[in-house]
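Input: a single structure, listed below in structure tokens.
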Amino acid sequence: MKSVLKIKLFSILILPIFLTSVFFYLKSNSTDTIPDEKPEAKQKLEVIISKSKINTTEAIERLEELNDLPEYTEYKKNYVLARLYEKNQKTPEALLLYKKIIDKNYPLKERVIFHYANLSAKNGDDNTALQYFNKLLWDFPNSKSVPQTKYYLAQTQLRLRFTKEALKNLKSLKNEFPETQFGIAANYYLGENEYNKKNYNEAIDLFREYLRLSPDGRFANEIAEMITHNEGISLKPIDFTLLGDVFFHKKDYKNAAGYFKKSRNTKKYYKLGYSLFRINNKNEAAFYFKEFAKKYPKSQDAKWSLFYAARCIPAFMQTQFWSSAKKDIPELVYYTTYKEALSITDKTKRKELLEKYIETFPSTKFTLDAVWEIIWGNIQSGNYLEAVSIGEKYFNESINSDFVNSETRAKIGFWLGKIAELKKDREKALKYYKEVSGLIFDSYYSFRAKHRINGLTSGKDPMWNQEKKYEDLKHYDWSIPPITKPEIIKKRYGATIYELINLKQYDEVFELIGKTKSPSKQITIWLQALNNEYEPSINLANKLGHLYNYSQKNTMWNFAYPLYFWQHIISTCEIHSTLDPFLICGVIRQESRFDKNALSVSNARGLMQLILPTAKTISRQLNTSLGSGELLFDPGINISLGIYYLDGLMEEFNNPLFAVAAYNAGPNAVKRWINSFSKKSTDLDYFIEEVPYEETKNYIKKVFSSYWTYNELYGI
70 MKSVLKIKLF SILILPIFLT SVFFYLKSNS TDTIPDEKPE AKQKLEVIIS KSKINTTEAI
130 ERLEELNDLP EYTEYKKNYV LARLYEKNQK TPEALLLYKK IIDKNYPLKE RVIFHYANLS
190 AKNGDDNTAL QYFNKLLWDF PNSKSVPQTK YYLAQTQLRL RFTKEALKNL KSLKNEFPET
250 QFGIAANYYL GENEYNKKNY NEAIDLFREY LRLSPDGRFA NEIAEMITHN EGISLKPIDF
310 TLLGDVFFHK KDYKNAAGYF KKSRNTKKYY KLGYSLFRIN NKNEAAFYFK EFAKKYPKSQ
370 DAKWSLFYAA RCIPAFMQTQ FWSSAKKDIP ELVYYTTYKE ALSITDKTKR KELLEKYIET
430 FPSTKFTLDA VWEIIWGNIQ SGNYLEAVSI GEKYFNESIN SDFVNSETRA KIGFWLGKIA
490 ELKKDREKAL KYYKEVSGLI FDSYYSFRAK HRINGLTSGK DPMWNQEKKY EDLKHYDWSI
550 PPITKPEIIK KRYGATIYEL INLKQYDEVF ELIGKTKSPS KQITIWLQAL NNEYEPSINL
610 ANKLGHLYNY SQKNTMWNFA YPLYFWQHII STCEIHSTLD PFLICGVIRQ ESRFDKNALS
670 VSNARGLMQL ILPTAKTISR QLNTSLGSGE LLFDPGINIS LGIYYLDGLM EEFNNPLFAV
730 AAYNAGPNAV KRWINSFSKK STDLDYFIEE VPYEETKNYI KKVFSSYWTY NELYGI
């Protein structure tokens, strides 16, 4: 009894001591606190880190020379330097530096442990890797690094033939983090394990899950090879659908079309039609496009499906096509009726059908478009009175509609102003221009309205002239802006992610949180930008900007109109010093959305969408050899050739508007248009509306609206 009492008494006495020890241990090992830093030292480090994105060799040299820093700033310097060593294949130096800071209890500790373990594995030291991966999971069980660590730990265990432990980790990863990139990849390794054991049913289930979640993933091609070249695997329609998606993402449209056909999945008819369209099988493409629209008229792709179907058939059959679609797809009659009216070449009949359309469908997305077509027809024929009558009616009535801030309403208002100018009614012109100028921040017509206000009030309409030159912007630096306040990032994601962002370790940030479900579209846009997924980032930011009609000050516009590849652009513009770098950004944004791997239907490549024959001609003029067409996907080469070509067009036409038009349609077409138009008018607003190629007309407007937006956002 006494011994039991002694044990209880001992427990009571020792428990507070134990808890106190644990408290102080945890406190001393806390990595959530970010120490204060001296501003001067912190700024020195930040300047070098910014430059590291351009020249890693120079950044390494400068970091190595940066001494006498406070402890935490020194720690951050060593972390960035180790990462640069690692990226430059300086493995021994990186390992030594990670080892030096691995026990420091600062916010990046978990990342130091991870990199030390992962680099040890790459260096052939799997035992050390195993030790430190396990240490990270033990010390940081709830951190954002856990999925990534479990993934690489499992790979290490597989190499060490600890298969049971590896499979356990992979299953845990799949179940606990199913939609992270690491949880998705676990399906591949688990599937491969079953595949090697010839458990094909189990393997195919896991492979399906991988392809469903990540058709463009790292292992998608390998899975496609495995399941299509094994007679022991019997593929089902769902597998053909998944394989179609894999090849569609690869832009291998021939194979994509083949698998989508085999799947007989009507929900994939839009992708099937598009794949056939891209391989120039337009007859079949038209069939599948129309079938998709018939079966899924409420889909967001239904109208696009009909649009592409119409592009697959000859011009003389357009009216017949839209008339047939109108009967076959009653749910889209508001769209097909409008397109049918536009396809009529007889101007009188066309106008009658458009008027009937407006009467029948007074409040659809295309009603104002029909109004505009009538207005423009009247302007062309000189019937300004009728143009103003219908224009004013619908411009004013639509103020309370869903289309109050639409581009078409802005266009109508702008041309009401132009007609007022023609009639010498300055006050009325200014009234319309002022209203249009405030409708949409990045609207072509809002900008032109501002220009005309300047023209009427100060006599200075900048028109389509360039506003900046290399000299004005050569010292300007740009980086991806923060999407929200730093303290919100820290609260939402923790101190580790917060510090990685501060150190511009964006690839790591994306690895850790980029593939997880994001709490907001704004965060998604930001993460996509950080991970070089520029096109989806721009498109989503652009969509949000117009959906909520954000003011100029909203950061969304900086993501919708970014300055990616700015150093390439500005350095090339140093050679072609008469070109405005912002105009180049406008061209790139329209051509490729800053996707360096963009490939068009006509086989135009890269950022500035150069076709190979043109690029080879330019390279010969520059006394260089282009060699492979794949080089056009290199940003520096593409920008250099594209700017040289645009500069040549600028010299040829002595007008940015004509040069941009020629960049899209070719110089010969533009010369024909200029000759034809000069007999009618000298007003270039009219010239643009009269451009016979619809694609080029829209291209001009989009390039210049982008150009003016860049000047508005970043003009110095």
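Residue numbers (the working numbering): 70 to 785.
Think of the CB as a built atom: it goes at the ideal place given N, C-alpha and C, for glycine as much as any other residue.
Return the CA-CA distance between residue i and residue j, expressed in angstroms with no decimal places.
i	j	result
Leu-177	Asn-270	43 Å
Glu-424	Pro-761	23 Å
Phe-356	Gly-342	8 Å
Glu-127	Lys-145	18 Å
Phe-92	Ile-558	Its pLDDT being 40, under 50, Phe-92 is placed unreliably in this model, and the value from its coordinates should be taken loosely. Near 27 Å, if we compare the C-alpha coordinates of Ile-558 and Phe-92.
Asn-723	Asn-157	46 Å
Leu-609	Lys-590	8 Å
Lys-519	Lys-492	19 Å
Tyr-279	Tyr-258	10 Å
Ala-379	Lys-487	34 Å
Lys-233	Phe-317	36 Å
Leu-304	Ile-296	8 Å
Tyr-377	Pro-383	12 Å
Ala-684	Ser-458	50 Å
Ile-799	Gly-460	Examination of residue 799 is not possible in this model, given that the chain is present from 70 through 785 alone.
Leu-239	Asp-208	20 Å
Leu-236	Ile-302	23 Å
Lys-107	Val-149	18 Å
Could you spell out where the alpha helix (DSSP H) holding residue i opens and where it closes?
i	result
Met-625	625-629
Thr-641	635-644
Phe-855	Since the displayed the chain opens at 70 and closes at 785, residue 855 lies outside it and no answer follows.
Met-386	Segment: none, Met-386 is in no alpha helix (DSSP H) and carries neither H nor E.
Ile-653	650-661
Pro-605	603-616
Glu-699	From DSSP, Glu-699 is part of no alpha helix (DSSP H); its letter is neither H nor E.
Asn-270	269-282
Arg-152	140-156
Arg-287	Run containing Arg-287: none; DSSP gives neither H nor E here.
Gln-112	108-121
Arg-380	371-380
Glu-400	Where Glu-400 is concerned, there is no enclosing alpha helix (DSSP H), given that its DSSP letter is neither H nor E.
Gly-784	It is not in any alpha helix (DSSP H) - Gly-784 carries neither H nor E in the DSSP assignment.
Tyr-338	338-347
Ser-467	Taken as a continuous stretch (DSSP letters only), Ser-467 belongs to no alpha helix (DSSP H), as it is neither H nor E.
Tell me which residues share the same chain as residue i and place their Cβ nearer than 7 Å to its Cβ, disregarding the 5 neighbours each side in the sequence.
i	result
Ile-103	Pro-176, Ala-564, Glu-568
Gln-574	Arg-152
Lys-159	none
Pro-216	Leu-242, Phe-246, Thr-249, Phe-251, Gly-252
Trp-777	Phe-516
Leu-138	Ala-110, Lys-146
Leu-700	Ile-706
Glu-504	Gly-482
Among the residues of its own chain, which have a CB less than 6 Å from the CB of residue i, if the five just before and after it don't count?
i	result
Gln-621	Phe-510
Leu-282	Ile-253
Ala-728	Leu-718, Met-719, Phe-722
Tyr-783	none
His-184	Tyr-167
Ala-456	Ile-444, Asn-447, Ile-448
Tyr-633	Tyr-603, Phe-663
Arg-658	Ser-775
What residues match up with residue i in a beta bridge as DSSP calls it?
i	result
Leu-668	Arg-674
Leu-679	Arg-674
Between residue i and the rest of its own chain, which residues show a CB-CB distance below 8 Å, the 5 nearest in sequence each way excluded?
i	result
Lys-213	Tyr-562, Gly-563, Thr-565, Ile-566, Leu-581, Ile-582
Lys-340	Gly-313, Asp-314, Phe-317, Ala-325, Phe-329
Phe-702	Lys-665, Asn-666, Arg-674, Gly-675
Leu-135	Lys-113, Leu-114, Ile-117, Lys-146
Leu-188	Glu-155, Thr-160, Ala-163, Leu-164, Tyr-167
Leu-311	Arg-277, Leu-280, Arg-281, Pro-284
Pro-704	Phe-634, His-637, Lys-665, Gly-675, Leu-676
Give a yes or no on whether 8 Å exceeds the smallest Cβ distance from residue i to chain B.
i	result
Glu-490	Chain labels in this structure do not include chain B; a single protein chain is all it has.
- Where in the region 501-574 do unbroken runs of the alpha helix (DSSP H), each at least 4 residues long, occur, reported from the N-terminal end onward? Within the region 501-574, the complete alpha helix (DSSP H) runs of at least 4 residues are 513-527, 539-542, 555-562, 564-571.
- Query: Unbroken beta strand (DSSP E) runs of length 3 or more, entirely within the region 188-261: which are they?
  - Reply: As far as the region 188-261 is concerned, it has no whole beta strand (DSSP E) run of at least 3 residues.
- Task: Tell me the start and end of each unbroken alpha helix (DSSP H) in the region 715-750 that is at least 4 residues and wholly inside, in chain order.
- Result: Counting only runs of at least 4 residues, the region 715-750 fully encloses the following alpha helix (DSSP H) elements, listed from N- to C-terminal order: 725-734, 736-746.
- Which parts of the region 405-433 are runs of the alpha helix (DSSP H), unbroken and 4 residues or longer, counting only runs that do not cross its ends? The qualifying runs are 416-429.
- For the region 476-505, which segments carrying the alpha helix (DSSP H) assignment without a break, of at least 4 residues, lie completely within its bounds, in sequence order? Counting only runs of 4 or more, we get 476-491.
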